[in-house]
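Engineer: Have a look at this one.
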Amino acid sequence: MKRMVIVLAGVVAAATASLGVTAQAATTHRSPTAGLTRYNDTFSVQQPYNLKESDRFSVANGVYSAWILKGDKPLSRGSHTGPRTEMRWAQNWRSGEHMFDADVLIDPGTEGTAIMQVKSNNKGEPIYLLVQHGDLYHGSNAKIASNVIGHWFHLTVDYNPSAGVAHVWIDNLLMFTRKVSGQGAQYYFKNGVYNLNGKRSETHWKNITFYRK
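As structure tokens, then:
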């Protein structure tokens with residue numbers, strides 16, 4: 000089942016001071032959404048194949064919550080991928096800048112878990128945001144920010160396959176830039192929880208908004 004998310008107003012401010020800027024210095028930057036056009040999107044939920052959506056996903060008061068437990072099954076029977084509960088957004092694109100913008104809360108205990116991805120059909124992930132030891136990484140090596148557990152913060156991610164560049168902002172500060180060739184593939188956004196090293200991983204999302212240019 001696909002659902003549409005329409006954000007009518009505002010973004011909840013987050014306390015940037017609570018986030019550690021470690022591997023890379025945050026860059027003061029104009030609003031990430033400047034010059035982009037907002038659009039609405041729909042999503043479907045991907046959860047362990049033997050469970051109902053409501054066993055691992057909920058919506059209450061505008062907050063979308065996704066969680067997985069140790070021992071959960073993968074998305075499909077026979078798959079060798081890890082367990083997931085993810086919102087898979089319907090919009091696919093091959094060119095031009097597309098942006099994901101949301102407030103996110105990561106629960107304590109979330110470890111070894113991807114919380115957001117820019118996915119492709121055949122070229123991997125231009126952006127793969129992974130929680131490790133309380134910090135946020137692209138992949139397992141590029142640290143973006145520290146101390147991201149247990150409080151709301153604002154996350155913005157974009158990718159432009161035409162230009163071959165992706166960015167990550169936290170609380171509207173540019174934290175990470177990656178140059179990655181993107182021609183010849185199709186891209187889309189996912190968020191939630193994928194894989195885990197602990198007993199339970201859980202994230203919460205609100206004010207999810209999309210932009211493009």
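For the sequence shown, counting from 1, position 109 maps to 108 in numbering that gives the first Met the number 0; every step adds exactly one. Backbone N, C-alpha and C define an ideal beta-carbon position, used for all residues, glycine too. Fair warning: this is a prediction, and the values are worked out from it, not measured in the lab.
For S180, does the three-state DSSP call read helix, strand or coil?
Structural biologist: Sequence index remark: in the sequence shown, residue 180 carries index 181 (1-based). Coil.
Engineer: Between Y158, A65, A162 and G181, which lies nearest to N121 when the distance is taken from Cα to Cα?
Structural biologist: By one-based count along the sequence shown, residue 121 stands at place 122. With distances taken between Cα atoms, N121 lies closest to G181.
Engineer: Do L35 and M115 have their C-beta atoms closer together than 8 Å?
Structural biologist: Start at 1 with the first residue of the sequence shown, and residue 35 comes out as number 36. Start at 1 with the first residue of the sequence shown, and residue 115 comes out as number 116. For L35 and M115, no; Cβs fall outside 8 Å.
Engineer: What is the DSSP secondary structure of R37, reduced to helix, strand or coil?
Structural biologist: Taking the sequence shown and counting its residues from 1, one reaches residue 37 at position 38. Strand.
Engineer: Just mark R37 as buried or exposed, buried being the case when its beta carbon has 16 or more other beta carbons within 10 Å.
Structural biologist: For the purposes of this step, residue 37 is taken as residue 38 along the sequence shown, with counting starting at 1. Exposed.
Engineer: Please classify S30: does DSSP put it in a helix, a strand, or coil?
Structural biologist: In the sequence shown, counting from the first residue as 1, residue 30 sits at position 31. If DSSP states are grouped into helix, strand and coil, S30 belongs with coil.
Engineer: Pick out whichever of R83, N39 and G77 has its Cα sitting closest to the Cα of R55.
Structural biologist: The residue labelled residue 55 in the question sits at position 56 within the sequence shown. For R55, the nearest C-alpha among the options comes from R83.
Engineer: DSSP state of R211, grouped into three classes?
Structural biologist: Residue mapping note: residue 211 aligns to position 212 of the sequence shown, counting from 1. Here R211 sits in strand by DSSP.
Engineer: E85 to Q46, Cα distance in whole Å?
Structural biologist: Translated into the one-based positions of the sequence shown, residue 85 becomes position 86. Translated into the one-based positions of the sequence shown, residue 46 becomes position 47. One C-alpha to the other measures close to 7 Å.
Engineer: I'd like to know if the stretch 64–74 and the stretch 163–176 are in contact, where contact means that at least 3 CB-CB pairs between them fall below 8 Å.
Structural biologist: Contact fails: fewer than three Cβ-Cβ distances are below 8 Å.
Engineer: Is DSSP giving S64 helix, strand or coil here?
Structural biologist: Position 65 of the sequence shown, counting from 1, holds the residue named residue 64. Strand at S64.
Engineer: By a C-beta neighbour count over all protein chains shown, 10 Å radius and 16 as the cutoff for buried, is T208 buried or exposed?
Structural biologist: Translated into the one-based positions of the sequence shown, residue 208 becomes position 209. T208 is buried by the Cβ-count criterion.
Engineer: With a Cβ-Cβ cutoff of 8 Å, do V130 and V147 count as a contact?
Structural biologist: Counting from 1 along the sequence shown, the entry for residue 130 is found at position 131. Counting from 1 along the sequence shown, the entry for residue 147 is found at position 148. The answer is yes: Cβ separation under 8 Å.
Engineer: May I ask you to verify whether the stretch 133–146 touches the stretch 89–97, counting CB pairs closer than 8 Å and requiring at least 3?
Structural biologist: Contact between the stretch 133–146 and the stretch 89–97 is absent, because fewer than three Cβ pairs lie under 8 Å.
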